[in-house]
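Residue numbers (our numbering): 442 to 1373.
Each residue gets a CB set at the ideal place from its N, CA and C atoms; glycine is no exception.
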Amino acid sequence: MSEFNHREIDKKWQQFWEENKTYQVEIDHSKPKFYVLDMFPYPSGAGLHVGHPLGYIASDIYSRYKRLKGYNVLHPMGFDSFGLPAEQYAIQTGQHPAITTEANIKTYISQLKKIGFSYDWSREVRTSDPKYYKWTQWIFMELFRSWYNKDADKAEPIETLYEKFAQNGTKGINAACDEDVISFSTDEWKAFSETEKYRISLKYRLTYLSEAIVNFCPALGMVLSNDEVKDGVSERGGYPVIQKKMQQWMMRITAYADRLITGLDTIDWSDSLKEQQRNWIGRSVGAMVKFAVENKPETLIEVFTTRVDTIYGVSFMVLAPEHELVAQLTTPEQKESIDNYITETQKRSELDRMSDVKKVSGAFTGSYCINPFSGEKVPIWIADYVLAGYGTGAVMGVPSGDQRDWNFATHFSLPIVQILDSQQDIDKQADATKEGKYINSGIINGLAYKEATQKLIDVLEEKGIGKGKVNYRLRDAVFARQRYWGEPVPVYFKAEAGEEPLPYLIDDKDLPLVLPEIDKYLPTADGEPPLGRAEGWNYNGNPYELSTMPGWAGSSWYWYRYMDAHNENAFASKEAIDYWQNVDLYLGGTEHATGHLLYSRFWNKFLKDRGHVPHEEYALKLINQGMIQGRSSFVYRLKEADKITFVSHGLKDQYDVTKLHVDVNIVENDILDIEKFKATRNDIGDDPQFILEDGVYRCGSEVEKMSKSKFNVVNPDDIVERYGADTFRLYEMFLGPLTESKPWDTRGIEGTYRFIRKLWRLFFDQNGKSIVTEAEPDKAELKALHKAIKKVSEDVENFSFNTSVSTFMICVNELSDLKCSKKAILEQLVIILSPYTPHISEELWEILGHEKGTITKQAYPVFEAKYLVEDSFEYPIQINGKVRTSISFPANMSKEDIEKAVLSNENVLKWLEGNAPKKLIVVPKRIVNVVI
RNA sequence: GCCGGGGUGGUGGAACUGGUAGACACGCAGGACUUAAAAUCCUGUGAGCCGAAACGCUCGUACGGGUUCGAUUCCCGUCCCCGGUACCA
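What follows is the structure in structure tokens.
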């Protein structure tokens, strides 16, 4: 083989691995286990682009490295195959989402296989497979069958709650539950009917029904995701969208808020990601205070505040426009303005409401409430910066201490009261200080922050008008989608005579509840979700729930399914879970920080509580890979010309032009392939003109998100076909640090391609004759090799794959300069390369005379320090911070001796010009600085 | 807006714990080989300055300050870009 042929080599080894089931893994108690997990992809219709495999390549390198280090590595792949895009496609084309999904998965698998990943494909899972979602439904049922006992700080079977009710009624119950639970005694409990007991229990379960606000599009009759809403109208059709309350299944994730925070201290995830989760959960310590409405002492407005100490500074009360008391509090004179304001608010999404802080808006209800401490009358307003879903949906306005309140008060001419003697310039802006002593503050006058807060909370609790409370920004998760392409909720509704229907779980033996066939994927005429179209969609005559589960359901437990992917009796066998335990390394994007990565931790903690899994946290280490952006190319079209004319990038400033995206696949090194351009575009006329520079058409470029509409999508298949899987793998790693986002630029791949060919030439001469020798390596060769072993091992452990590719390049350059083709060196080089370049490493391993396919069974080489010892170091010598000369000293020379030697060095003395050094800094093995 | 991340040559990036900024690679320029091309190899390549050359000098890690003998690295402020913002996955 004179030139290395990547097509043949890739094919040969991919086939070999498949036939020999090289990467299939079984429970093996003789080896330590290691579980490397990739976030599984949603199989979109566009297929993989070069950005997707970045994390997969990194995790594959790590997996292969760990195997060479003697671990039994579980490295699986699957598909998160329920989701909105397949459904939208189904709505447009009538094609069943299962069919498009199946086709997309096929494409994904073939694309992934071409890159040579060491996945155990026998364990592949798909969330939309009934055999899989049977267990998603089962976990939903387990959640429904559980309540959260705050005393035990864990989820327990609902039966234990029934027992507690039977023993003591609601006395002493400390549960995560709905706000509106009622109190009762043992006797009352016993007197309740079974249905009544059941109805009560629904308010305690970890999945429950509740009202939640959704984006509703009346014209489409659909609930839309935020993604489908653009500027207040639906993306499809451009119809108005309003915020509407709707009965929804919810998950009581807030019960786990504290454990989700404290658990972060036990896992090796990046600080920034942990910080995002902490902030998302948003634990804040404060107080709940009830304000009675003027002349209606029985009507209480509850507010949560983290600054109860500022209570004497309250000059207004603001409710969310959706707050349940708004209608009742609005006086007839104010009704019109309040109604208008509410209508306006409904048009705005939560994000708009939060983002827009410059514009102050609000409306006065006409009512007042009474400050429970000062007894003063406080006007009640509504404003959209208060969100119904956070806290109690009401805030007390303290303009002197909070900038947003200050803006509101200033805008509406409400009083601003100073409450701390240390507050400064409160006529110009709010001052949130906690320093100083309170003034104008009744019972806390003269106190400092800590005592004042304690005193106020004591009084609140004593009088029963409030209490100290921990509040979370985290809200319970909505667990229902009015969509077709998701897991059916295994619940049916049944009513006692004359009663509201109640939800009941189907029997375990009836799982999975399989998604029914329907004629269209749209809501029904009367606005029910698509499942309303399914015929016979009932359980023994009782209607099923019509919503399906959200996208995150199936991805919240999938790592367990890989452990035992085909088990029909459990989500995974006890034996499998005992062996594989949890994920040692999890790789995926940061965009999942507050979604998937939080929900999955929640489900895992729940499964732990109920004894189904062994650990509180499922992913010990998490690495977030960055995004790969696209590099878009542009052509410049003349705005005014008789014929359609494009002008080259360098000349465009001389004309009036429009910038247009052009497919990056017909551009090479920024030079446009004009013939292909003409052939592939039908919007440029028959005979477009080109104004060239240097005889070619140069395109402009910009870095943007990779997407079809920007014509900058690069398909890994094309790259693999042209350069081979190994070059592609190396280049993806070489592109930059794993965790950063960086642009794809196909040009640079030549460098890694050259590297591979250079590597090949260590084995063969131009005629394809092997030049490998059995000679003993010398010190320089061993040094080059062991330097690489050392650096690459460190880099793999630290996930610095980009610098390890550089190290390989340097090593091969050195060996090439040394004309080293010695077997002893090449063998080890090929092994350390094999996680990065598995195909060519296998090939070269065989060429070196080893049994075919045995490189995966080798031990990872260990570097030997003796080859790396430096006998001396070259010290740059700085005079006043500028390098003026350098001196070489033995490696083991003491700091004192170096100092002496420096100060007696001729060159140094010349630079000192007779000045006595003030200070001498010697940094061992680095630098010497003489300050004069 | 809020939360998190980032900003270094023409380009992607490197730089250990604060110690010679620009490793490695792309691109570009010049050269060798070749009838030619490809491939390969060699040389140069942050900006500016001095000079025949060697040597050398000044500036330079988004911007403005600060700490330090010394700052891409630490601190304060500003600008810009990316991710998330609860129904995209």
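Original post:
At which residue ranges does the region 448 to 521 contain complete beta strand (DSSP E) runs of 3 or more residues, listed in the order of the chain?
Top reply: 474 to 479 and 513 to 515, all fully within the region 448 to 521.
(message) Please list the terminal residues of the continuous alpha helix (DSSP H) segment that includes A1017.
(response) Segment K1015 to W1021, the alpha helix (DSSP H) holding A1017.
**Message:** Considering only the alpha carbon of each residue, which of S1247, K1210, G488 and D1312 lies closest to S1262?
**Reply:** Among S1247, K1210, G488 and D1312, the Cα nearest to that of S1262 is on K1210.
Nearest by alpha-carbon distance to A1034: which of N1023, P953, M663 and R719 is it? Residue R719 is the option with its Cα nearest to A1034.
Discussion item. Closer than 8 angstroms is the cut-off here; do at least three beta carbon pairs connect the region 803 to 821 with the region 700 to 712?
Written reply: At 8 angstroms Cβ cutoff, the stretches do not touch.
Is R719 helix, strand or coil when you go by DSSP? Correct three-state label for R719: helix.
Hey, could you find the ends of the alpha helix (DSSP H) V767 is sitting in? In the DSSP annotation of this structure, the continuous segment of the alpha helix (DSSP H) that includes V767 starts and ends at V767 to L770.
Inset, instruction - Could you tell me whether the region 463 to 479 touches the region 1158 to 1174, where touching means 3 or more Cβ pairs closer than 8 angstroms? - result: The way I'd put it, the region 463 to 479 doesn't touch the region 1158 to 1174; fewer than three beta-carbon pairs between them come closer than 8 angstroms.
- Report the residue from V819, Y809 and D825 whose alpha carbon sits nearest the alpha carbon of K788. The shortest Cα separation from K788 among V819, Y809 and D825 belongs to D825.
> Do Y549 and F523 have their CB atoms nearer than 8 angstroms?
Replying inline: No.
- Query: For L946 versus V932, is the C-beta distance shorter than 8 angstroms?
  - Reply: Result yes, Cβ atoms of L946 and V932 sit closer than 8 angstroms.
Quiz item: In this structure, does DSSP put I1125 in helix, strand or coil?
Solution: It is coil, neither helix nor strand.
- Per-residue DSSP class, three states only, for E1009: Three-state DSSP puts E1009 in coil, outside helix and strand.
Please report the straight-line C-alpha distance between C1252 and I1212, rounded to a whole angstrom. Rounded to whole angstroms, C1252 to I1212 spans 18 angstroms at the Cα level.
Margin query: Given a cut-off of 8 angstroms on the beta-carbon distance, is the pair E725 and G838 in contact?
Written below: Looking at the sequence itself, residue 725 is Ser, so the reference to Glu does not match. For the pair S725 and G838, the CB atoms are not nearer than the 8 angstroms cut-off.
Taking the alpha-carbon positions, what's the Y1003 to K1336 distance? Spanning the two alpha carbons is a distance of roughly 57 angstroms.
* Asked: Taking contact to mean at least 3 C-beta pairs separated by less than 8 angstroms, is the region 480 to 494 in contact with the region 873 to 891?
  -> No, the region 480 to 494 is not in contact with the region 873 to 891.
* Keeping to the same chain, check which residues put their C-beta closer than 6 angstroms to that of P957; ignore five residues upstream and five downstream. => Around P957: A975 and W978.
Q | Of the listed residues S796, D793 and G807, nearest to Q769 (C-alpha basis) | A | Selected option, being the one with the closest Cα: G807.
Residue range of the unbroken alpha helix (DSSP H) whose run includes K1231: Looking at the DSSP string, the run of the alpha helix (DSSP H) that includes K1231 is K1220 to N1239.
Answer yes if the region 492 to 500 comes into contact with the region 1065 to 1082, meaning at least three C-beta pairs across the two stretches below 8 angstroms, and no otherwise.
-> Enough Cβ pairs lie closer than 8 angstroms, so yes.
| field | Straight-line Cα distance separating Y1164 from G1189 | value | Across the structure, G1189 and Y1164 are spaced so that their CA atoms are roughly 12 angstroms apart.
Rounded C-beta distance between I654 and Q684? I'm assuming under 8 angstroms. Rounded, the Cβ-Cβ distance is 5 angstroms, consistent with contact.
- [ ] Rank K1100, K1117, W998 and N1010 by C-alpha distance to the C-alpha of A1060 and give the top, closest one.
- [x] Checking every option, the nearest Cα to that of A1060 belongs to W998.
Is S1347 helix, strand or coil by DSSP?
The residue asked about is misnamed: residue 1347 is Glu in this sequence, not Ser. In the structure shown, the three-state DSSP call for E1347 is helix.
Is the separation between the beta-carbon of I1266 and that of I1296 shorter than 8 angstroms? Not closer than 8 angstroms, so no.
Does K1366 come out as helix, strand or coil in the three-state DSSP assignment?
For K1366, the three-state secondary structure derived from DSSP is coil.
Just to check my reading of the structure: V399 and I752 have Cβ atoms closer than 8 angstroms, yes? What is that Cβ distance to the nearest angstrom? Here the chain comprises residues numbered 442 to 1373, so residue 399 is not present and cannot be evaluated.
In the DSSP assignment, the alpha helix (DSSP H) including F1169 goes from what residue to what residue? That run of the alpha helix (DSSP H) goes A1166 to F1175.
Assuming contact is defined by CB atoms lying nearer than 8 angstroms, are A596 and R1051 in contact in what I supplied? Against a cut-off of 8 angstroms, the Cβ pair of R1051 and A596 comes out as a contact.
Touch test, the region 1303 to 1314 against the region 1221 to 1230, Cβ-Cβ under 8 angstroms, three pairs minimum: By the Cβ criterion, the region 1303 to 1314 is in contact with the region 1221 to 1230, since at least three pairs of Cβ atoms, one from each stretch, lie closer than 8 angstroms.
- Query: Quick one: what does DSSP say G1091 is sitting in, helix, strand or coil?
  - Reply: Of the three classes helix, strand and coil, the one that applies to G1091 here is helix, per DSSP.
In the DSSP assignment, what are the bridge partners of H1102?
-> Bridge partners of H1102: F1075.
Requested in this report: Spell out the partners DSSP gives N912 in its beta bridges.
Outcome: Residue pairing of N912 in beta bridges, as defined by DSSP: S725.
(Q) I want to know whether the region 980 to 1000 touches the region 523 to 533 - three or more CB-CB distances under 8 angstroms. (A) Short answer: they touch.
message = Buried or exposed for P773, going by 16 or more other Cβ atoms inside 10 Å?
response = So P773 ends up on the exposed side.
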